[in-house]
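Colleague: In terms of the working numbering, the sequence shown opens at residue 707 and continues consecutively.
I have a structure I would like to understand better, so I am pasting it below and will then ask my questions one at a time.
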Amino acid sequence: MVKIASTLLVLLPFVGTALTRSISLLPRDLAQVNADLKELSTKIDTLDSALTAYPTSGNLIQALAIHNDALAVASSLSKTTQDVTTTGPVSDNDSTNILNTVQGKVPTIKRALTTIVAKKSGFTSLPVSGVPALIKQDLGWLSGNTTALANALITNAPPFLVANATALKKDVEAAFATAIAAYSQ
Numbered sequence: 707m708v709k710i711a712s713t714l715l716v717l718l719p720f721v722g723t724a725l726t727r728s729i730s731l732l733p734r735d736l737a738q739v740n741a742d743l744k745e746l747s748t749k750i751d752t753l754d755s756a757l758t759a760y761p762t763s764g765n766l767i768q769a770l771a772i773h774n775d776a777l778a779v780a781s782s783l784s785k786t787t788q789d790v791t792t793t794g795p796v797s798d799n800d801s802t803n804i805l806n807t808v809q810g811k812v813p814t815i816k817r818a819l820t821t822i823v824a825k826k827s828g829f830t831s832l833p834v835s836g837v838p839a840l841i842k843q844d845l846g847w848l849s850g851n852t853t854a855l856a857n858a859l860i861t862n863a864p865p866f867l868v869a870n871a872t873a874l875k876k877d878v879e880a881a882f883a884t885a886i887a888a889y890s891q
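So, in structure tokens, the structure goes:
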């Protein structure tokens, strides 16, 4: 009995460390997902503003800033997707709030995509070749990361929200397809 007790005393610090480490590996929570969505929203707004300000006559420095803004959005999409996946399903009310948040950004996303198509001549007129190809690449990453986030949200959505979330996904995918097609020519 003494030997068992002394063995337990020796193992206790290791068990405590193991428990502490496993607690830090627990799924992220809803608060993190909401924080991610807020950060993503800010980055989308920044990208949209940069595209709106971009002159149709072109500007290399602004074009590179737009590229960096697009990379920031892609990174934020990836992080948000990871946290949504790790968090898993949440309550119906929380799911509705998340869908409403995403739905609120769709007009901004579509405007940004329409703007980047409308200002294509400003990107193609730059003295440095390859900028339109870079934009097409950015659009591909943004499209893929947006689809991944939409899929994660749909996977974790309650059944009554799946149709609405799927419709939003298709709407945004269509807008991306149009923009990507414009830069494929």
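C-beta atoms are modelled at their ideal positions from N, C-alpha and C, and glycine is treated no differently.
Computed from a predicted structure; not experimentally measured.
Taking 6 Å as the limit between beta carbons, can you name the residues of its chain near LYS816, skipping five residues before and five after?
Modeller: Hits under 6 Å: ALA881.
Colleague: Jot down the residue ranges of each uninterrupted alpha helix (DSSP H) in the stretch 836-865, minimum 4 residues, whole runs only, in chain order.
Modeller: Within the stretch 836-865, the complete alpha helix (DSSP H) runs of at least 4 residues are 837-862.
Colleague: Using only CA atoms, which one of ALA856, ALA858, LYS842 and LYS875 lies nearest to ALA888?
Modeller: Taking only the C-alpha atoms, the option nearest ALA888 is LYS842.
Colleague: Under 8 Å, do THR787 and LEU855 count as touching if we go by C-beta distance?
Modeller: Contact flag set, yes.
Colleague: Please determine, among LEU753, ASP742, LEU783 and THR872, the residue with the shortest C-alpha to C-alpha distance to THR820.
Modeller: It is LEU753.
Colleague: When the Cα atoms are used, what is the spatial distance from ILE772 to GLY828?
Modeller: Approximately 13 Å between the Cα atoms of the pair.
Colleague: I think LEU766 touches LEU832, with their Cβ atoms under 8 Å apart; what is that distance to the nearest whole Å?
Modeller: About 5 Å; that satisfies the 8 Å criterion.
Colleague: Where does ASP877 sit, in a helix, a strand or coil, going by DSSP?
Modeller: Correct three-state label for ASP877: helix.
Colleague: Figure out for me which residue from ILE822, PRO865 and LEU770 has the closest Cα to the Cα of VAL796.
Modeller: Answer by Cα proximity: PRO865.
Colleague: Excluding five sequence neighbours on each side, which residues of the same chain lie with their C-beta closer than 6 Å to the C-beta of GLY764?
Modeller: Here the set comprises GLY828, SER831 and LEU832.
Colleague: Who are the near neighbours of PRO761 in its chain, counting only those whose CB is closer than 7 Å to its CB and skipping five residues on each side?
Modeller: Here the set comprises GLY828.
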